[in-house]
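Asks: Numbering-wise (the working numbering), the sequence shown opens with residue 855 and increments by one. Note that CB positions come from ideal geometry on N, CA and C, so glycine has one too. Sharing a structure, written as structure tokens. Questions coming.
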Amino acid sequence: MAKKNVFTPKPRVEKLPLAVRKDIRDNYDSKKEELEAKATELLGTKFTINFDPPEVWAYATDSTSSAGSIFAGYAEGFVSGLKSYLEYYEDLGKDYFNKAVTQSEVTLNANPLGDEGETITADIKDGVFRILFRHDKLGYNQSWLDQSYFSKAVDAVTTETFSLKAKSSIEKEWEENYEDLTKEIGEILAIPDVVLEPNFVEVYAALKAGRKDNDWEASFGKAILAYFQDGLKYNLTSAGFKDDDMLQEGFAELVTSKTIKLRIVKELKTGYRNEAFLEDGVLCLQLKADHWYYNVSDMGDNVIKLL
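Right under this line is the structure:
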């Protein structure tokens, strides 16, 4: 196997040429304060753009020109990406970002991955948001820094219980719908005070431990809602619970806690993808981590067999 080349950062330029310094002054420094003000307004805290021209300009090529425009382009790309990120994730995204970027600062750096680095990407290191450019692509794709780069950088360092993507999905999917859903399932079962327990913390931890990917995080809340709505509610309705006193009474006699709980298990008792299972008066909707968000409509199709 070929040995990977280790990227060695270039030394800083000891003194930038006069033409470069002038272009930076005229086309970057003149805009920097306004761009910092926009970032500050968006984040609700004083924010600094801290690019180091002598360090960055070491990667300029013979064909590279307009130094000021290049630095301004990265700064403008950052502010634009930050805006789109906050438009999508709103106050939750602001909270996660500010907690992760504790230094309230953005820098511009060569990607330490060297030849394996993307043309542009971002990360957060030591509380600083870093725009990372590939060493031989300075000035390329500056406007590509969209909200996905921000959320990925934030999630890589967050110390919150849930990733930003997962928490956002909980708020947008589950929290906006669960009250109506609880009422509907309560009417079907004739249990007005039924409790739907999404079990977020345990389910999230089990998925983090049991899956190699993290693609599921962006739809975490949506998937949990689906297991209750497109699975359980659908199957209770199909089985005729709403109009059958005997089924309703049988359910109430066994599910004494009036609680329906989602959980991840290592092995299923009966189902192939998922199953309903009674335990200590709780109706458990359970599945294995590697079957997450599969065959959602099957969840709860065996409830009537438990009565």
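#1: Using the three-state DSSP reduction, which class does ILE924 fall into: helix, strand or coil?
#2: Between the alpha carbons of GLY922 and LYS1026, how many angstroms are there, rounded?
#3: Which value, in whole angstroms, describes the spacing of the CA atoms of PHE951 and LYS1021?
#4: In whole angstroms, what separates the C-alpha of LEU1132 from that of TYR1058?
#5: Kindly indicate the opening and closing residues of the beta strand (DSSP E) around ASN1089.
#6: For LYS1076, I'd like the list of residues in its chain whose CB is within less than 7 Å of its CB, leaving aside the five on either flank, ordered along the chain.
#7: Who are VAL1136's beta bridge partners in DSSP?
#8: How should PRO907 be labelled, buried or exposed, when 16 other C-beta atoms within 10 angstroms of its C-beta is the threshold for buried?
#9: Determine whether the beta carbon atoms of THR1012 and SER958 lie at a separation below 8 Å.
#10: Beta carbon of GLY971, beta carbon of ARG988: below 8 Å?
#11: For LYS1087 and ALA1093, what's the separation of their Cα atoms in angstroms?
#12: DSSP three-state label for ILE844, please.
#13: Looking at C-beta atoms only, is the number of pairs between the stretch 939-955 and the stretch 993-1004 that lie closer than 8 Å three or more?
#14: Which whole-angstrom value describes the C-beta separation of ASP1152 and ARG1127, a residue pair presumed to lie in contact below a C-beta threshold of 8 Å?
#15: From the DSSP output, in three-state form, read off LYS1062 for me.
#16: Mind checking whether ASN1149 and ALA1130 have CB atoms under 8 Å apart?
#17: Helix, strand or coil: which one does DSSP assign to LYS807?
#18: Taking the DSSP output, what are the residues bridged to THR961?
#19: Closest by CA to HIS1145, which one among PHE1095, THR915, ILE1078, LEU896?
#20: Identify the continuous beta strand (DSSP E) that holds VAL1163 and give its terminal residues.
#21: Counting C-beta neighbours from all protein chains within 10 Å, is the total for ASN904 16 or more, i.e. buried, or is it exposed?
#22: Looking only at C-alpha atoms, which of LEU1090, GLU944, GLY1135, VAL910 sits nearest to LEU1018?
#23: Any chance the stretch 1101-1114 sits against the stretch 1038-1048, with 3 or more Cβ pairs inside 8 Å?
#24: Helix, strand or coil for PRO956 per DSSP?
#25: Compare the beta carbon distance of LEU1108 and LEU1161 with 8 Å and say whether it is the shorter of the two.
#26: Is THR973 helix, strand or coil when you go by DSSP?
#27: Kindly indicate which residue of ALA912, PRO966, TYR994, GLU1121 has the alpha-carbon position closest to the one of PHE861.
#28: Alpha helix (DSSP H) containing PHE1074: first to last residue?
#29: Tell me, to the nearest whole angstrom, how far the beta carbon of ASN995 is from that of ILE978; I am working on the premise that it is less than 8 Å.
#30: Measuring CA to CA, which of ASP880, THR894, ALA912, ALA891 is closest to GLU868?
#31: Hey, ALA1010 and ARG1065: beta-carbon distance below 8 Å or not?
#32: Note down, in chain order, each residue of its chain lying with its Cβ closer than 8 Å to the Cβ of GLY1040, except the 5 sequence neighbours on either side.
#33: Please report the distance separating the alpha-carbon of GLU1121 from that of LYS892.
Replies: On the basis of the data shown:
#1: Residue state, collapsed to three classes: helix.
#2: Those two C-alpha atoms are separated by around 41 Å.
#3: So the two alpha carbons sit approximately 13 Å from each other.
#4: Each residue's alpha carbon lies about 22 Å from the other.
#5: Per DSSP, ASN1089 lies in no beta strand (DSSP E) segment; the continuous alpha helix (DSSP H) that holds it begins and ends at 1088-1092.
#6: A distance below 7 Å between beta-carbons, with the five flanking residues on each side excluded, links LYS1076 to the following residues of its chain, in chain order: SER1023, GLU1027.
#7: DSSP, once it has assigned bridges, lists THR1113, GLU1133 as partnering VAL1136.
#8: When all chains shown are included, PRO907 counts as buried.
#9: Going by beta carbons, THR1012 and SER958 fall outside the 8 Å limit.
#10: ARG988 sits close to GLY971, with the two beta carbons spaced by under 8 Å.
#11: Cα-Cα distance, rounded: 10 Å.
#12: In the structure displayed, the chain extends from 855 to 1161; residue 844 sits before or after that span and is not available.
#13: For the pair of segments examined, the stretch 939-955 was found to touch the stretch 993-1004: the number of CB pairs separated by less than 8 Å reaches three.
#14: Sure, about 6 Å apart at Cβ, within 8 Å.
#15: Of the three classes helix, strand and coil, the one that applies to LYS1062 here is helix, per DSSP.
#16: Going by C-beta atoms, ASN1149 is not nearer than 8 Å to ALA1130.
#17: Since the first and last residues shown for the chain are 855 and 1161, residue 807 lies out of range.
#18: Its beta-bridge partners are ARG984.
#19: Of PHE1095, THR915, ILE1078, LEU896, the residue nearest in Cα terms is ILE1078.
#20: The question about residue 1163 has no answer here: the residues shown for the chain are numbered 855 through 1161.
#21: ASN904 counts as exposed, since fewer than 16 other beta carbons sit within 10 angstroms of its beta carbon.
#22: Considering only alpha carbons, the answer is GLU944.
#23: The way I'd put it, the stretch 1101-1114 does touch the stretch 1038-1048; three or more beta-carbon pairs between them come closer than 8 Å.
#24: The residue you asked about is not Pro; residue 956 is Thr in the sequence shown. Here THR956 carries a coil assignment [DSSP, helix/strand/coil].
#25: In terms of Cβ geometry, LEU1108 and LEU1161 form a close pair [threshold 8 Å].
#26: Of the three classes helix, strand and coil, the one that applies to THR973 here is coil, per DSSP.
#27: In this structure, PRO966 is the residue among ALA912, PRO966, TYR994, GLU1121 with its C-alpha nearest to the C-alpha of PHE861.
#28: From DSSP, the alpha helix (DSSP H) with PHE1074 extends over 1074-1080.
#29: So it is not a contact: roughly 20 Å between Cβ atoms.
#30: The candidate whose alpha carbon is nearest that of GLU868 is ALA912.
#31: No, the pair does not count as a contact, with Cβ atoms beyond the cut-off.
#32: Excluding positions up to five away in sequence, the list reads PRO1046, ASP1047, VAL1048.
#33: Roughly 52 Å between the two C-alpha positions.
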